[in-house]
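Asks: This structure is in structure tokens; I'll ask about it shortly.
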Amino acid sequence: MKIEEVRSTAKAQRISAHSHVKGLGLEENGSAIPQAAGLVGQEEAREAAGIIVDMIKMKKMAGRAILFAGPPGTGKTAIALAMAQELGSKVPFCPMVGSEVYSSEIKKTEVLMENFRRAIGLRIKETKEIYEGEVTEITPLETESPLGGYGKTISHVIIGLKTSKGTKQLKLDPSIYESLQKEKVVDGDVIYIEANSGAVKRQGRSDAFATEFDLEAEDYVPLPKGEVHKKKEIVQDVTLHDLDIANARPQGGQDILSMLGQLMKPKKTEITDKLRKEINKVVNRYIDQGVAELVPGVLFIDEVHMLDLETFTYLHRALESSLAPIVIFATNRGRCAIRGTEDIVSAHGIPMDLLDRLVIIKTSPYTKEEMLNILKIRATTEGLQLETEALTELSEVGERTTLRYAVQLLTPASITAKINGRTVIKKEDVDEVCGLFMDAKSSAKMLSENDSKYMK
Ligand SMILES: Nc1ncnc2c1ncn2[C@@H]1O[C@H](COP(=O)(O)OP(=O)(O)OP(=O)(O)O)[C@@H](O)[C@H]1O
Ligand SMILES: [Mg+2]
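In this text, residue positions in the sequence shown follow the UniProt record's numbering: the first is 1, and each later residue adds one.
Here it is in structure tokens:
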């Protein structure tokens, strides 16, 4: 099995609607602060979520499932994402929406399985032979290209590495020069090179170059101690899905021919059940040997009522497996028919037997004050200024409709304000956009009133 250089396949999260949420905003003792970390109110659900986060951190939660249930716009998605923030980057958190399983190319169960494995982390500790230090020089040495012509190729690269003990000059293979460039290594960076594979890892910039700026994107690390050439314990965090991908891909070389070969075969290499079983076996062995440690993460399935009976059944079984993450569901449905069945009506559209395993956290509608505070936070994140009356008006709109609708009116209102030559949003802007747009409830009302005028 190939472990080095496993690329992370973590999904980039699209959370722009929730970008103000920075965490659950709880006290040390676990009680919710009325307004903190971008969240307002919904205290009970936040405290419950906090307990779950603690259980996940203590690794007491694998294979369990939680359901957030509540009316639309009551913060279910927001709180689930806040949990991800609390868990930090070391615990995998894989968000998906129920409808993602429907694709014409991939089986429903395959999509689920892939996401399941994205949510299970593995921390691998390996003692490796490495060269580590602060880069003092990188000199590629060129020779005439063996193909003739004017081209030059790099025959080898000289690199100087400094530690607190001294400096060492290494003569390296040109392929390592490529990895150096990929990692954007320059003089003054602290790096290590794995002796066996030649993989280069940039750890950060050396302390000695730290500037007096308060805010900087750089990570500064101290000058490594000891010899340049040494054995060191390296910790790597990967997910089972990363391992699947790394082992499924045809292991081509770095040369142009095999790269082209990969381009011409854009079809995704299939990850077979057999491959997964093999990987599980190796992983389990590593865990037994103490080389690796399992980090069960979170699979978050939003809008879970979009799943059908087949996927629910599959999920139920997958939850029983020994390598299962914690699954968090969210839904705004009450009693409704389970998808994929004719008439089996169940609470939240989830089959009874799965429902039976769940711990349910409920969210309830916000008060006007809470809506006002959330709108205020959203306005600040979006860089908008509102008069107090405009805010009050919007929160009233939110009370009549949903919070989400009120939040969505912020941007249009800012545009009408701009058209009227103002930067501050006034009540009249809010009234104007309210006249222009409709929310779901009033639209439904209008439809039922003017039913005869529409095409059937
Ligand atoms: N307690 C809260 N504090 C701050 N912002 C919140 C809070 N609750 C919800 N929001 C924000 O309000 C908007 C709507 O909330 P969210 O999408 O989480 O609702 P939901 O319960 O998932 O709704 P749905 O059932 O329709 O999916 C989002 O922009 C969210 O970030
Ligand atoms: Mg939601």
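Glycine residues also receive a C-beta, built at the ideal position from the N, C-alpha and C atoms.
For ligand 2, is there any heavy atom lying closer than 7 Å to the beta carbon of T77?
Replies: Yes, since a heavy atom of ligand 2 falls inside the 7 Å radius drawn around the Cβ of T77.
Asks: The beta strand (DSSP E) that contains residue 498, what's its start and end?
Replies: Not covered by the structure: residue 498. The range shown for the chain is 1 to 456.
Asks: When the Cα atoms are used, what is the spatial distance from L170 to S155?
Replies: One C-alpha to the other measures close to 14 Å.
Asks: Tell me the DSSP secondary structure of K59 in three-state form.
Replies: In the structure shown, K59 sits in coil (DSSP, three-state: anything other than H, G, I, E or B).
Asks: Which residue comes first and which comes last in the beta strand (DSSP E) that contains G75?
Replies: Neither: G75 is in no beta strand (DSSP E) and is coded neither H nor E.
Asks: Starting from the Cα of V111, find the closest Cα among E178, A210, T311 and Y131 and give me that residue.
Replies: It is T311.
Asks: Pull up the distance between the alpha-carbon of T363 and that of R400, whole angstroms please.
Replies: For T363 and R400, the distance between alpha carbons rounds to 18 Å.
Asks: If we ignore side chains and look at the alpha-carbon of each, how far apart do A406 and M438 end up?
Replies: Answer to the nearest angstrom: the Cα atoms are 11 Å apart.
Asks: State the DSSP-derived secondary structure class of F209, mapped to helix, strand or coil.
Replies: If DSSP states are grouped into helix, strand and coil, F209 belongs with the helices.
Asks: Roughly how many angstroms lie between the CA atoms of D237 and K165, to the nearest whole one?
Replies: Going from the Cα of D237 to the Cα of K165 covers about 30 Å.
Asks: Do R123 and V295 have their beta-carbon atoms positioned less than 8 Å apart in this structure?
Replies: In contact: V295 and R123 (Cβ atoms closer than 8 Å).
Asks: What alpha helix (DSSP H) runs, 4 residues minimum, are completely inside the stretch 138–204?
Replies: Listed in chain order, the complete alpha helix (DSSP H) runs (minimum 4 residues) inside the stretch 138–204 are 174–182.
Asks: Count the CB pairs spanning the stretch 95–103 and the stretch 220–232 that are closer than 8 Å, and state whether there are at least three.
Replies: Contact fails: fewer than three Cβ-Cβ distances are below 8 Å.
Asks: Please state if the CB of P365 and the CB of L309 are separated by a distance shorter than 8 Å.
Replies: Not a contact, by the Cβ cut-off of 8 Å.
Asks: Could you check whether the Cβ of L384 sits closer than 7 Å to any heavy atom belonging to ligand 1?
Replies: No, the Cβ of L384 stays beyond 7 Å of every heavy atom of ligand 1.
Asks: Compute the minimum distance between the beta carbon of residue 459 and the heavy atoms of ligand 1, and state whether it is under 7 Å.
Replies: The structure shown does not extend to residue 459, since the chain is modelled only from 1 to 456, so the question has no answer here.
Asks: Considering just the uninterrupted stretch of the beta strand (DSSP E) at A337, what are its terminal residues?
Replies: Start and end: R335 to A337.
Asks: Going by beta carbon distance, what residues of the same chain come within less than 6 Å of residue 458, once the five residues before and after it are set aside?
Replies: No information on residue 458 is available, as it lies outside the stretch 1 to 456 that the chain covers here.
Asks: Is A406 near ligand 2, going by C-beta to nearest heavy atom under 7 Å?
Replies: No - ligand 2 has no heavy atom lying nearer than 7 Å to the Cβ of A406.
Asks: At what residues does the alpha helix (DSSP H) containing A318 begin and finish?
Replies: Here the alpha helix (DSSP H) through A318 covers L309 to E320.
Asks: May I ask you to list the residues that DSSP assigns as paired with V96?
Replies: According to the sequence provided, residue 96 is Met. The question's Val does not apply to it. BP columns for M96 point to I301.
Asks: Quick check on the DSSP output: what are the complete beta strand (DSSP E) runs of length 3 or more inside the stretch 343–399, in order along the chain?
Replies: Complete beta strand (DSSP E) runs here, min 3: 345–347 and 359–362.
Asks: Got a sec? Which residues, its chain only, sit under 8 Å from D187 by beta carbon, not counting five neighbours each side?
Replies: So the list reads V135, T136, E137 and I138, once near-sequence residues are dropped.
Asks: If you run the structure through DSSP and keep just helix, strand and coil, what is Y286?
Replies: If DSSP states are grouped into helix, strand and coil, Y286 belongs with the helices.
Asks: Spell out the partners DSSP gives P296 in its beta bridges.
Replies: Paired residues: I120.
Asks: Once you ignore the five residues that flank G133 on each side, which residues in its own chain have a CB closer than 6 Å to its CB?
Replies: Result list for G133: L161, K162, T163, P224 and V228, in chain order.
Asks: Measure from the alpha carbon of I130 to the alpha carbon of each residue in K453, T153, I193 and V97, then state which is nearest.
Replies: Here the closest residue by C-alpha is I193.
Asks: Below 8 Å on the Cβ atoms is my guess for E393 versus G41; work out the distance and round it to an integer in Å.
Replies: Not quite, the Cβ-Cβ distance comes to about 20 Å (not below 8 Å), so this is no contact.
Asks: Taking 7 Å as the cut-off, is the C-beta of Q42 nearer than that to any heavy atom in ligand 1?
Replies: Yes, the beta carbon of Q42 sits closer than 7 Å to at least one heavy atom of ligand 1.
Asks: For I191 and H241, I'd like the C-alpha separation in whole angstroms.
Replies: Their Cα atoms are separated by approximately 27 Å.
Asks: Report the option in A65, C94 and G398 whose CA atom is closest to the CA atom of H316.
Replies: Measuring from the Cα of H316, the nearest candidate turns out to be A65.
Asks: Out of Q385, R333, A324 and G290, which one is the CA nearest neighbour of E303?
Replies: E303 has its Cα closest to that of R333, out of Q385, R333, A324 and G290.
Asks: Should A82 be counted as a contact of ligand 2 given a C-beta to heavy atom distance under 7 Å?
Replies: Outside the cutoff, so no.
Asks: Considering only C-alpha positions, which residue in the set I56, E28 and L384 is nearest to G88?
Replies: Minimum Cα distance to G88 is reached at I56.
Asks: With hydrogens ignored, establish whether the beta-carbon of D302 is closer than 7 Å to any heavy atom of ligand 2.
Replies: Yes - ligand 2 has a heavy atom lying nearer than 7 Å to the Cβ of D302.
Asks: Do K231 and K128 have their beta-carbon atoms positioned less than 8 Å apart in this structure?
Replies: Closer than 8 Å, so yes.
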